[in-house]
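In my numbering, the protein residues as written are 1461 to 1615.
Quick reminder that beta carbons are idealized off the backbone N, C-alpha and C, glycines included.
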């Protein structure tokens, strides 16, 4: 896999305040013990499923959501449907059951996702909004007042 590093340079206050770092984790079972090592200090998760793969959609609820809630409780997440270009391919849609936008939205609501987005890396459709929402989510959660824990001890 090719690594690309993009560094934004320029004077202060010229409109470059966000550095978005992306970590693509291995989804294979062989990496179940290693993958959570990348979770500390995560500001937002993108839980991805392919609209062309009902099993990947089911895994959101049965595997990925429980995993991030266990290893990174309280970290917000966005549910992302990928490969949406396949919905426009009548031959593919005829052969394969596709996940609808409504199904994605319902799961996002059920799990408490910050947002549900859909995109196609192939056509670039909807791709920028996924990352815009990720940044918006982090900024919103960083600005939320946190409840102070009581330091009262009952003996």
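Task: residue 1560 - DSSP class collapsed to helix/strand/coil - done: By 1-based counting over the chain shown, the position of residue 1560 is 100. Here residue 1560 sits in coil by DSSP.
- [ ] Return the bridge partner residues of residue 1508 from the DSSP annotation.
- [x] Position 48 of the chain shown, counting from 1, holds the residue named residue 1508. Answer is 1540, bridged to residue 1508.
Task: Extent of the continuous beta strand (DSSP E) to which residue 1577 belongs - done: As a working mapping, residue 1577 is identified with position 117 in the chain shown. Its beta strand (DSSP E) spans residues 1575-1578.
- [ ] Run the CB neighbour count on residue 1582, radius 10 Å, all protein chains shown included, and call it buried at 16 or more, exposed below.
- [x] Locating residue 1582 in the chain shown gives position 122, where the first residue counts as 1. So residue 1582 ends up on the exposed side.
TODO: Could you have a look at residue 1514 and say whether DSSP puts it in helix, strand or coil?
DONE: Walking along the chain shown from the start, residue 1514 turns up at place 54. In this structure, residue 1514 counts as helix in the three-state DSSP scheme.
Task: Top-ranked residue by Cα proximity to residue 1552, from 1603, 1589, 1538, 1511 - done: Taking the first residue of the chain shown as 1, we reach residue 1552 at position 92. Of the candidates 1603, 1589, 1538, 1511, the one whose C-alpha sits nearest the C-alpha of residue 1552 is 1511.
Task: Residue closest to residue 1563, alpha-carbon to alpha-carbon, out of 1517, 1602, 1537 - done: For this step, residue 1563 is matched to residue 103 along the chain shown. Closest option to residue 1563, Cα to Cα, is 1517.
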